[in-house]
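A.B. asks: If you read the sequence shown in UniProt numbering, its first letter stands for residue 1, the second for the next number, and so on.
Every residue, glycine too, gets a C-beta built ideally from N, C-alpha and C.
Sharing a structure, written as structure tokens. Questions coming.
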Amino acid sequence: MWSFRGWGGSSQQEEQAQNDVQQQQEQPQEEEEEEEDEDDEYEEDEDPEETHFIERMLADMDNFGISFSQLDQRNERDALRLLGWACKSKAAPDVINKIGERCTDLSARSLFGLPALQIAVQNAHLPGVKEMLRMGVDVNSMSGEHIMSTALHEAVGSRSLALVKPLLTQDELEVDVLNRAGQTPLYLCVGKAIEPDEEDIEIVYADMAVALINRGADVNKGSPDDPNETPLILALRSQKCMILAQMLKLGEKPPAPVVEMCMKHLEGSKGNEVVLELLVNAGWGRSAPDDARTETAERSRDINEVLRAVPPTGSEYPSTGNPVPGQTYTLHDAVRSKNLSAVEGLLSTVRNVNAVGTDGGTALHLAATMGRDDIVEALIRTTGILVDKVDNHKRTALFRAVSANHVEAVKTLLKAGASCNDRDRFGYTPLRQAVKRPAGAIMEALLDAGASPGLGGEQGFTPLHTACEYDAPGTVEALLRAKALPGHCWNESLQTPLLVACKRGNLSAVRLLLPHLSERQVNMRSSTDSGAETPLSAAITCEPPKMEIVDIVEALLKNGADLHMQKSGNGVSAIFTALILKLEGVAVDRIAAHPTIGPRVVRALVAGGADINDMTFASAYSPLHAACIEGACAEVIQELLDLGADVDVPCVSVSSLAPLHLAAGFGGNIGAIRLLMGLRNSGGLNAVAPPPNDRATILYLAVQNNMTEVVRFLLEEGADMDMMPNEDDGTPSKSSMIEYAAFAGSLDSMNLLIQAKMFREEAEEKQRKEKAGTAGA
């Protein structure tokens, strides 16, 4: 079953682990069989103690390599559960692969009634998804009866096109499979709710729909309960303009009955005029049979008028602006036609120039969105026009013009006195929208008109925050010229623009901000608790690391950044933060793993005043100890040594082990181990640890923690397999290293030791025979 003995673990922990295993073994076999047969009870009968046991194992390990070799291959259920936890915890692909090798059916349910592939998708673990697919998992496998969905359904629901794409490459994928609710992945994609401010998400779903259709998804496949409820009908009915536009672009022709159904749904209102225009441009308004159009007109007269108001290709409104006899035009229709004469013709007769459509927008909103500054100018000259009237989302015409990136329309509205500081329902101003757009002229026009650079949205993100995040130095400079106060702008997490720029590794923004900040503001925490970040710690932990981090660190230190400002409650200063490579046992992409960036950052921190032998972290670790435990690259270790790190000081918190033992037993970086082995007084290949670990070699520690690659390296170098630690009475703790590997559950290491022993015995036997032959001669 399970066996785990971590370095430094107490005997009480070992006994508790063994008790957990014994409790699992004593469970009646009949109950297990009943659990496997009843899908609907699978989630409920999850053993809390067993689940906690697996979680504890994963949490206690410095890397996942300790446990996957301990699996009893007969215990398929435990193997699957550990596979599920590995996917949930975003373990490395090689870990998932080695656990998966113990599973006969990768598509079987692991945790919470879900197959491991679904768990990887739900937790956005893209490398895990790709590894599961590479291992041959059934991409069409369903989750438990309560949900009954495939990994593709889960990926679509995750809003991530990156998770959808690898699934679509599988030849055996059933792209139109139904979930429990009778929905195909495409239907689910179309039906996803999108907030009005989520333009980026709407684009993602549109791209996702295209990918699904190109893979063969049927836009006209409905559910068994309602065959007419298809993705295409849903796109029409829910007025998903971007998705519908993509469907029509791909050649999907909505039949007349489908459009009529849409008309029924929109009856009594103008509906979404963009949807109607899409339908007409796709040919429905002109190619549908006359009787079908007549029937539709009788059911929904207002909508039919809108359809007739959109001119066929190549035609124009009459130059006089007068309506064609028998047809009725609204001001919105005329604006949409992009015909200034038609608009001016209606303005003299229209009773309410501020009339709104279904989205609450006026004709001025529509003209601003379309970027027709000539029509915008004609409208604002009209008596009674409300330039700052808001739509359903509290957005003015100016806000819409900025969002659509129409420079001239923005300037025309500002000249007419449009307010540039009005906030929409999410607290965003036109200036905040302008910062995200490529046209810098819009931002300059807004600032010249008096737009405030310090106004933020619901989460407190000001235009300056956004500019620092998107690395737009020209925008940052313009906002600072407009008197933005970077030291007094906080979002809901109390993040300053400087911290945002440091977290993204945006050097240009950092250099622009620093002259405007005091030393106190340079060291401002992201929140009030002890686990907060400072700009310096945010720069050091930037992922992925950039070469600009070195210059950012130097600039921050030059402007008063505090090297000893804690990043977390356990006293981690800047030098220790730079050496962190593992979070909750899982490796992360940090500077200590980079042979070029890591040493330069360490050098910059020491040059700025960091103590290379600082022992303040838990009063026991030095930076060198931390680097060895974390698995820092050899170049970082060498830089620490060159800067004066004391290699002879033991790590009190980890059984007084030397740096070499820490690197072999915990860090596992072969280059660092080779470097430390070559140091004078290190003890070399067979270095032994001091009491209370008498005669514990680096090979012993590597075996104990199942550092397989370290064991392989040491054996290839010729490490002594017979040196074992002593008990209190002076006798060896185990008869051999192989026996200890079996006791510790390090089966991979045990196999390597057996192979090395056999190889050495064969070599010795060959040598004896050669000597005997020489002596006989």
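So what does DSSP say about residue 636, is it helix, strand or coil?
C.D. replies: The count along the sequence shown starts at 1 and reaches residue 636 at position 636. It is helical.
A.B. asks: Bridge partners of residue 563, per DSSP?
C.D. replies: Here residue 563 refers to the residue found at position 563 of the sequence shown. The partner list for residue 563 (beta bridge, DSSP) is empty, contrary to what the question assumes.
A.B. asks: Identify the residues that DSSP records as bridge partners of residue 651: which are they?
C.D. replies: Looking up residue 651 in the sequence shown gives position 651. Answer is 657.
A.B. asks: Considering only residues of the same chain and omitting the five flanking positions on each side of residue 246, which have a CB-CB separation below 7 Å?
C.D. replies: On the sequence shown, position 246 is the one that residue 246 refers to. Hits under 7 Å: 206, 209 and 210.
A.B. asks: Identify whether residue 102 lies in helix, strand or coil by the three-state DSSP scheme.
C.D. replies: In the sequence shown, residue 102 corresponds to position 102, counting from 1. If DSSP states are grouped into helix, strand and coil, residue 102 belongs with coil.
A.B. asks: When you compare the stretch 401 to 420 with the stretch 360 to 372, are there three or more beta-carbon pairs, one atom per stretch, that lie closer than 8 Å?
C.D. replies: Yes, the stretch 401 to 420 touches the stretch 360 to 372.
A.B. asks: Of all the alpha helix (DSSP H) runs that stay within the bounds of the stretch 496 to 523, which reach a length of 4 or more residues?
C.D. replies: Qualifying alpha helix (DSSP H) stretches, in chain order: 497 to 504, 507 to 513 and 519 to 522.
A.B. asks: Which value, in whole angstroms, describes the spacing of the CA atoms of residue 334 and residue 375?
C.D. replies: Locating residue 334 in the sequence shown gives position 334, where the first residue counts as 1. Locating residue 375 in the sequence shown gives position 375, where the first residue counts as 1. The alpha-carbon atoms of residue 334 and residue 375 are separated by roughly 10 Å.
A.B. asks: So within the stretch 85 to 159, which uninterrupted beta strand (DSSP E) runs reach at least 3 residues, ignoring any that extend past its ends?
C.D. replies: List check, beta strand (DSSP E) in window: 109 to 111.
A.B. asks: By how many angstroms is the C-alpha of residue 248 removed from the C-alpha of residue 242?
C.D. replies: Taking the sequence shown and counting its residues from 1, the one referred to as residue 242 is at position 242. Taking the sequence shown and counting its residues from 1, the one referred to as residue 248 is at position 248. Each residue's Cα considered, the two are about 10 Å apart.
A.B. asks: Count the other C-beta atoms from every protein chain shown that fall within 10 angstroms of the C-beta of residue 748, then say buried if there are 16 or more, exposed otherwise.
C.D. replies: Taking the sequence shown and counting its residues from 1, one reaches residue 748 at position 748. It counts as buried.
A.B. asks: Anyone know if the C-beta pair for residue 230 and residue 220 falls short of 7 Å?
C.D. replies: For the purposes of this step, residue 230 is taken as the residue at position 230 of the sequence shown. For the purposes of this step, residue 220 is taken as the residue at position 220 of the sequence shown. In this structure, residue 220 lies closer than 7 Å to residue 230 by Cβ.
A.B. asks: Measure the alpha-carbon distance for residue 84 versus residue 495 and round it to whole angstroms.
C.D. replies: On the sequence shown, position 84 is the one that residue 84 refers to. On the sequence shown, position 495 is the one that residue 495 refers to. Approximately 35 Å, taken between the alpha carbons.
A.B. asks: Does residue 465 pass the burial test, meaning 16 or more other C-beta atoms within 10 Å, or should it be called exposed?
C.D. replies: Translated into positions along the sequence shown, residue 465 becomes position 465. Counting Cβ neighbours within 10 Å, residue 465 comes out buried, since at least 16 surround it.
A.B. asks: With the cut-off set at 7 Å, would you say residue 212 and residue 162 are in Cβ contact?
C.D. replies: Mapped onto the sequence shown, residue 212 falls at position 212. Mapped onto the sequence shown, residue 162 falls at position 162. Cβ atoms of residue 212 and residue 162: not closer than 7 Å.
A.B. asks: Can you give the Cα-Cα distance for residue 478 and residue 120, rounded to whole angstroms?
C.D. replies: Locating residue 478 in the sequence shown gives position 478, counting from the first residue. Locating residue 120 in the sequence shown gives position 120, counting from the first residue. Cα to Cα, the separation comes out at about 43 Å.
A.B. asks: Report all residues from its chain with a CB closer than 7 Å to the CB of residue 135; omit the five preceding and five following residues, and keep chain order.
C.D. replies: As a position in the sequence shown, residue 135 is number 135, starting the count at 1. Same-chain partners within the cutoff: 97, 100 and 106.
A.B. asks: Report the rounded CA-to-CA distance for residue 647 versus residue 665, giving the unit in angstroms.
C.D. replies: Counting from one through the sequence shown, the residue named residue 647 turns up at place 647. Counting from one through the sequence shown, the residue named residue 665 turns up at place 665. Whole-angstrom Cα-Cα distance: 16 Å.
A.B. asks: Report the three-state DSSP secondary structure of residue 751 (helix, strand or coil).
C.D. replies: Within the sequence shown, numbered from 1, the residue matching residue 751 stands at position 751. Correct three-state label for residue 751: helix.
A.B. asks: Work out the CA separation of residue 708 and residue 169 for me, nearest whole Å.
C.D. replies: Indexing the sequence shown from 1 puts residue 169 at position 169. Indexing the sequence shown from 1 puts residue 708 at position 708. Roughly 34 Å between the two C-alpha positions.
A.B. asks: Give me the Cβ distance between residue 604 and residue 598, rounded to the nearest whole Å; I'm assuming they're in contact under 8 Å.
C.D. replies: Taking the sequence shown and counting its residues from 1, the one referred to as residue 604 is at position 604. Taking the sequence shown and counting its residues from 1, the one referred to as residue 598 is at position 598. 11 Å between Cβ atoms; not a contact.
A.B. asks: Given a cut-off of 7 Å, decide if residue 447 and residue 482 are closer than it, judged by their beta-carbon atoms.
C.D. replies: As a working mapping, residue 482 is identified with position 482 in the sequence shown. As a working mapping, residue 447 is identified with position 447 in the sequence shown. Yes, these two residues count as a Cβ contact at 7 Å.
A.B. asks: I'd like the span of the alpha helix (DSSP H) that includes residue 378, first residue to last.
C.D. replies: Stepping through the sequence shown from its first residue, residue 378 is reached at position 378. From DSSP, the alpha helix (DSSP H) with residue 378 extends over 373 to 380.
A.B. asks: Among 202, 172, 122 and 152, which residue has its Cα nearest to the Cα of residue 179?
C.D. replies: For the purposes of this step, residue 179 is taken as the residue at position 179 of the sequence shown. Comparing Cα positions, the closest option is 152.
A.B. asks: Could you say which of 413, 415, 431 and 132 lies nearest to residue 421 if we only look at CA atoms?
C.D. replies: For the purposes of this step, residue 421 is taken as residue 421 along the sequence shown, with counting starting at 1. Nearest option by C-alpha distance: 431.
A.B. asks: Residue 766: buried (16+ other C-beta within 10 angstroms of its C-beta) or exposed?
C.D. replies: Here residue 766 refers to the residue found at position 766 when the sequence shown is read from its first residue. That one is exposed.
A.B. asks: Per DSSP, residue 688 forms a beta bridge with which residues?
C.D. replies: For this step, residue 688 is matched to residue 688 along the sequence shown. Beta-bridge pairing links residue 688 to 697.
A.B. asks: On the premise that residue 473 lies in contact with residue 779, defined as a C-beta separation below 8 Å, what is that separation, rounded to the nearest angstrom?
C.D. replies: The chain is shown from 1 up to 777; residue 779 falls before or after that span and cannot be answered.
A.B. asks: Whole angstroms are fine: how far does the CA of residue 202 sit from the CA of residue 469?
C.D. replies: For the purposes of this step, residue 469 is taken as the residue at position 469 of the sequence shown. For the purposes of this step, residue 202 is taken as the residue at position 202 of the sequence shown. One C-alpha to the other measures close to 22 Å.
A.B. asks: I'd like to check one pair, residue 561 with residue 549: are the Cβ atoms closer than 7 Å?
C.D. replies: In the sequence shown, counting from the first residue as 1, residue 549 sits at position 549. In the sequence shown, counting from the first residue as 1, residue 561 sits at position 561. No, these two residues do not count as a Cβ contact at 7 Å.
A.B. asks: Is DSSP giving residue 473 helix, strand or coil here?
C.D. replies: Here the question's residue 473 lines up with position 473 in the sequence shown. Three-state DSSP puts residue 473 in a helix.
A.B. asks: Could you give the residue range of the alpha helix (DSSP H) that holds residue 426?
C.D. replies: Mapped onto the sequence shown, residue 426 falls at position 426. Segment: none, residue 426 is in no alpha helix (DSSP H) and carries neither H nor E.
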